[in-house]
Amino acid sequence: MPELPEVETVRRGLQPVMEGARITRVELRRADLRFPFQPDFAARLTGQRIVGLGRRAKFLMADLASGDVLMMHLGMSGSFRIGAVPVGAFHHPRNVERVNDHVVLRLSSGKIITYNDPRRFGFMKIVARSALDDEPLLKGLGPEPLGNAFDAATLAKACAGKTASLKAALLNQHVVAGLGNIYAAETLHRARLSPKRRASTLASHSGAPTDRARQLVAAIRAVLTEAIAVGGATLRNCRHPDGKLGYFQHSFEVYNHEGQPCTTPGCDGVVRRFVQNGRATFWCPKCQK
DNA sequence: ACCTCGACCTGCAAGC
DNA sequence: TGCTTGCAGGTCGAGG
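For our numbering, count along the first sequence from 1 and bump the result up by 19.
Following this line, the structure appears as structure tokens:
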């Protein structure tokens, strides 16, 4: 469940369970996800109290009482589920072991948090909080799109001089953090901007933001806010930690809508799909300019 | 310094 | 039915 709204939904699901709990046991079912686990990974977690669960870009950041931070990334196919130690003969379906359960955290509350990731593009890494500023995975990340630091001037500045397409720029986590393939397409459609347009056209010659930059910022904020409000999108049955589903896939206007009529009021265009930078892009050539 | 592409993995659906 | 192919919400490193 990977883009910002999905990661934020996961964070909100895990937060009440994790915060304040102590990790009593760490099970690694394999030695690596995308990278090998750090040699002291389990030891640094075991016995630690989780004091908070935050998010930066698509990373979940669990603050530990030790001063360490557990960084977690879901990659393309990562998901968490919350289970509980069975009481008596009662077994809950979410407690049943599944294939691709790679990490199991037992908490002092009796809750069990399981990380499942078939493709293993996700990863976990422990970093000292004092070393976060030097963490390569976070270095250079662009602003949070729902934060105060993200505005038309910032976006225009990040895109000034870029020969890459707007779509590529939105996928670039150094420009703005948290968008992925779905929300890049959806926000560009909302802003009526072509994914093929040069990113540099968000800035005037002097570097000041154009109206396009303002439209795009507004679209990004609106789409992400709406998506979070309905629990993100659920594709391929990837669920929330508590087993519930997101609903934003029903609000997609272009993603996976090839051949369907454009939803822009007054537009009679048809949604098209093409491959851009190796990834599917969905858009309406009629109203996105 | 940019930009694009291939590589990393598994699982599922469509097509033959 | 079974095999092959293509495709999937991400990111990094190599090479142009």
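Beta carbons: idealized from backbone N, C-alpha and C, even for Gly.
Residues bridged to residue 98 [DSSP beta-bridge criterion]
In the DSSP assignment, residue 98 forms a beta bridge with 135.
For residue 116, count neighbouring Cβ atoms within 10 angstroms of its own Cβ and tell me buried if that reaches 16, exposed if not.
By the neighbour-count rule (16 or more Cβ atoms within 10 Å), residue 116 is not buried but exposed.
Residue 237 versus residue 210: straight-line alpha-carbon distance, rounded:
Using only the alpha carbons, I get a separation of about 8 Å.
Give every residue of the same chain whose Cβ lies closer than 8 Å to the Cβ of residue 85, excluding the five residues on either side of it in the sequence, and list them in chain order.
So the qualifying residues of the chain are 63 and 67.
Report the rounded CA-to-CA distance for residue 57 versus residue 75, giving the unit in angstroms.
Whole-angstrom Cα-Cα distance: 21 Å.
Let me know if residue 205 comes out buried or exposed under the rule of 16 or more other beta-carbons within 10 Å of its beta-carbon.
Buried.
Helix, strand or coil: which one does DSSP assign to residue 51?
Looking at residue 51 - three-state DSSP - the assignment turns out to be strand.
If you draw a straight line from the C-alpha of residue 154 to the C-alpha of residue 61, how long is it?
Taking the Cα positions, residue 154 is about 20 Å away from residue 61.
Just checking residue 61 against the ligand FAD - is the residue's beta carbon closer than 6 Å to any of the ligand's heavy atoms?
For the ligand FAD, the structure offers nothing, since it holds no ligand at all.
Nearest-angstrom beta carbon gap, residue 240 and residue 139 [assumed within contact, 8 Å]
By a beta-carbon distance limit of 8 Å, residue 139 does not contact residue 240. Their separation comes to about 33 Å.
If you draw a straight line from the C-alpha of residue 121 to the C-alpha of residue 188, how long is it?
Approximately 33 Å, taken between the alpha carbons.
Since residue 38 and residue 201 are thought to touch, with beta carbons under 8 Å apart, how far apart are those beta carbons, to the nearest angstrom?
Taking 8 Å as the upper bound for CB-CB distance, residue 38 and residue 201 are not in contact here, some 29 Å apart.
Return the chain-ordered ranges of every alpha helix (DSSP H) run that is complete within the segment 199–280 and spans a minimum of 4 residues.
Here the runs fully enclosed are 200–209 and 230–248.
Is residue 51 closer than 7 Å to residue 97 when the C-beta atoms are compared?
No, the pair does not count as a contact, with Cβ atoms beyond the cut-off.
8 Å Cβ shell around residue 226 - same chain, five flanking residues per side excluded:
Non-local beta-carbon contacts of residue 226 in its own chain, meaning distances under 8 Å to residues more than five positions away in sequence, involve 175, 176 and 179 in chain order.
Any chance you could list the beta strand (DSSP E) runs of at least 3 consecutive residues sitting entirely within the segment 157–197, in chain order?
Correct list: empty.
Given residue 269 as reference, the closest of 242, 194 and 133 once Cα atoms are compared
Comparing Cα-Cα distances from residue 269 to each of 242, 194 and 133, the minimum goes to 242.
Taking Cβ to Cβ, would you say residue 43 is nearer than 7 Å to residue 127?
Yes. Within cutoff.
Let's test the definition: count the other Cβ atoms within 10 Å of the Cβ of residue 148 and tell me whether it reaches 16, buried, or not, exposed.
Exposed, because fewer than 16 other Cβ atoms sit within 10 Å of the Cβ of residue 148.
Quick one, which of 28, 72 and 213 has its alpha-carbon nearest residue 34's?
For the residues 28, 72 and 213, the minimum Cα distance to residue 34 belongs to 72.
Would you mind working out which of 157, 156, 182 and 104 sits nearest residue 131, comparing C-alpha positions?
Out of 157, 156, 182 and 104, 104 has the C-alpha closest to the C-alpha of residue 131.
Between which residues of its own chain and residue 173 is the CB-CB distance below 7 Å, once the five residues before and five after are set aside?
Excluding positions up to five away in sequence, the list reads 162.
Can you give me the start and stop residues for the beta strand (DSSP E) that residue 83 sits inside?
Residue range 78–83 is occupied by the beta strand (DSSP E) that includes residue 83.
Limits of the beta strand (DSSP E) - the one that residue 294 falls within:
Counting along the chain, the beta strand (DSSP E) containing residue 294 begins and ends at 291–295.
Is residue 152 helix, strand or coil when you go by DSSP?
Helix.
Tell me which same chain residues have a C-beta within less than 6 Å of the C-beta of residue 133, skipping the five on either side of it?
Within the same chain, residue 133 has close Cβ partners 100, 120 and 123.
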